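Enquirer: In this note's numbering, the protein residues as written are 505 to 799.
Glycine residues also receive a C-beta, built at the ideal position from the N, C-alpha and C atoms.
Predicted model only: the values in this text are computed from it and were never measured.
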């Protein structure tokens with residue numbers, strides 16, 4: 505495997521492209537928006553600068569990493585003669601199915617198609633193609649250059665050969681791949697999202713405040729950040745979307761999103777990316793100031 509394409513230059517896409525390019529692979533970064541591509545490449549450059557400053561890589565390493573990345577605004581050009589495509593577009597089922605139908609039509613028959621989805625069925629995505637055996641999930645964690653895990657999700661028809669190829673690639677990228685089967689939420693979010701939802705329920709029922717809930721989980725359970733801070737970091741809209749996928753998939757009320765979470769997303773309070781969620785980020789991206797609605 506030498507040539508890899510990444511679809512989507514947002515937070516996850518540029519992080520994935522960064523890691524792939526840094527490990528010597530020719531990387532096509534694809535986004536329909538030139539502005540998004542420019543922003544993604546700037547983010548990669550800044551993240552590489554931080555690594556240089558920490559003496560984790562050299563300036564030459566940075567140059568070679570950036571040289572390995574080629575931006576594209578059209579999918580047809582970006583996926584020409586690549587061995588693997590990793591889709592990292594918005595967590596929207598209809599959009600992903602559309603992308604995979606198009607990829608199936610324009611990619612070489614041997615190209616493996618992977619999705620970075622955090623909850624949507626790999627089997628459903630694969631069914632939109634004529635190469636279900638070559639469709640797989642590669643769920644990277646955010647921030648991609650730092651987090652070690654890649655959740656490798658087998659669809660119902662994913663072949664053993666493709667699974668082994670992706671497990672091996674993940675290892676070569678310096679990650680720890682973990683193979684899981686295709687059920688709503690997989691492993692990471694099936695466990696994480698109910699915890700976040702329960703933290704929101706705890707706040708909703710006024711058991712404790714935002715800071716108190718996060719402090720209990722940080723100091724009592726040794727979590728690096730509290731569940732409400734983590735929800736803000738992930739994006740409350742993303743959390744809601746994943747919970748809805750699990751609720752629809754299992755038909756179990758324990759996955760039903762808390763009304764407070766639903767209302768906050770409806771009101772546009774999405775966390776760090778909107779400037780306010782459970783915390784107020786208008787002055788700092790750190791979770792230091794609780795949102796006024798919870799004071």
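(1) Between residue 653 and residue 679, how many whole angstroms is the CB-CB distance? I'm expecting something under 8 Å.
(2) Judging by CA-CA distance, which residue of 619, 552 and 709 is the nearest neighbour of residue 644?
(3) When the Cα of residue 745 is compared with those of 784, 708, 727 and 694, which residue comes out closest?
(4) Who does residue 654 pair with in a DSSP beta bridge?
(5) Since residue 686 contacts residue 621 with CB under 8 Å, what's their CB separation in whole angstroms?
(6) Taking its Cβ as the centre, do 16 or more other Cβ atoms sit within 10 Å of residue 639, making it buried, or is it exposed?
(7) Could you tell me which uninterrupted beta strand (DSSP E) segments, each at least 3 residues in length, are contained entirely in the segment 547-590, listed from first to last along the chain?
(8) Closest by CA to residue 667, which one among 707, 617 and 752?
(9) If you follow the beta strand (DSSP E) that residue 509 is in, where does it begin and where does it stop?
(10) Would you please state the rounded distance, in angstroms, between the beta carbons of residue 649 and residue 519? I believe it to be under 8 Å.
(11) Quick one: any contact between the segment 752-765 and the segment 714-723, if contact means 3 or more CB pairs under 8 Å?
(12) Can you give the Cα-Cα distance for residue 647 and residue 790, rounded to whole angstroms?
(13) So, under 8 Å CB-CB, residue 673 and residue 505 are touching, yes? Tell me the CB distance rounded to an integer number of Å.
(14) CB-CB under 6 Å to residue 704, same chain, minus the five flanking residues each way: which ones, in chain order?
(15) Give the secondary structure of residue 741 by DSSP, where H, G and I count as helix, E and B as strand, and everything else as coil.
(16) Could you tell me which uninterrupted beta strand (DSSP E) segments, each at least 3 residues in length, are contained entirely in the segment 690-754, listed from first to last along the chain?
(17) Closest to residue 798 by C-alpha separation, out of 658, 742 and 706, would be which residue?
(18) Relative to the C-alpha of residue 713, which residue among 723, 782, 623 and 534 is closest?
(19) Quick check on residue 709: buried or exposed, where buried means 16 or more other Cβ atoms within 10 Å of its Cβ?
(20) Ends of the alpha helix (DSSP H) at residue 603?
(21) What are the boundary residues of the beta strand (DSSP E) that residue 530 is part of?
Expert: Reading off the structure:
(1) Indexing the chain shown from 1 puts residue 653 at position 149. Indexing the chain shown from 1 puts residue 679 at position 175. Going by Cβ atoms, the distance from residue 653 to residue 679 rounds to 7 Å, so yes, they are a contact pair.
(2) The residue you call residue 644 lines up with position 140 of the chain shown. Checking every option, the nearest Cα to that of residue 644 belongs to 619.
(3) Residue 745 sits at position 241 when you count from the first residue of the chain shown. Ranking 784, 708, 727 and 694 by Cα distance to residue 745 puts 694 first.
(4) Sequence index remark: in the chain shown, residue 654 carries index 150 (1-based). DSSP, once it has assigned bridges, lists 644 and 681 as partnering residue 654.
(5) As a first step, residue 686 is located in the chain shown; it is residue number 182 there, counting from the start. As a first step, residue 621 is located in the chain shown; it is residue number 117 there, counting from the start. Their Cβ separation, rounded to whole angstroms, is 10 Å, which puts residue 686 and residue 621 out of contact at 8 Å.
(6) Counting from 1 along the chain shown, the entry for residue 639 is found at position 135. By the neighbour-count rule (16 or more Cβ atoms within 10 Å), residue 639 is buried.
(7) 573-576
(8) Here residue 667 is taken as the residue at index 163 of the chain shown, counted from 1. Residue 617 is the option with its Cα nearest to residue 667.
(9) Counted from its first residue, the chain shown places residue 509 at position 5. Note, residue 509: beta strand (DSSP E), 507-511.
(10) Your numbering for residue 649 matches position 145 in the chain shown. Your numbering for residue 519 matches position 15 in the chain shown. Residue 649 to residue 519, Cβ: 6 Å. Contact.
(11) no
(12) Counted from its first residue, the chain shown places residue 647 at position 143. Counted from its first residue, the chain shown places residue 790 at position 286. Answer to the nearest angstrom: the Cα atoms are 15 Å apart.
(13) What you label residue 673 is simply residue 169 of the chain shown in a count that begins at 1. What you label residue 505 is simply residue 1 of the chain shown in a count that begins at 1. Right, the Cβ-Cβ distance comes to about 6 Å (below 8 Å), so this counts as a contact.
(14) Counting from one through the chain shown, the residue named residue 704 turns up at place 200. Counting only Cβ-Cβ distances below 6 Å, and skipping sequence neighbours, we find 762, 764 and 765.
(15) Position 237 of the chain shown, counted from the start, is the residue given in the question as residue 741. It is helical.
(16) none
(17) In the chain shown, the residue the question calls residue 798 occupies position 294. The shortest Cα separation from residue 798 among 658, 742 and 706 belongs to 706.
(18) Indexing the chain shown from 1 puts residue 713 at position 209. With distances taken between Cα atoms, residue 713 lies closest to 782.
(19) Looking up residue 709 in the chain shown gives position 205. Its Cβ having fewer than 16 others within 10 Å, residue 709 is exposed.
(20) Within the chain shown, the letter at position 99 stands for residue 603. Per DSSP, residue 603 belongs to the alpha helix (DSSP H) from 597-610.
(21) Taking the chain shown and counting its residues from 1, the one referred to as residue 530 is at position 26. Unbroken beta strand (DSSP E) run through residue 530: 530-534.
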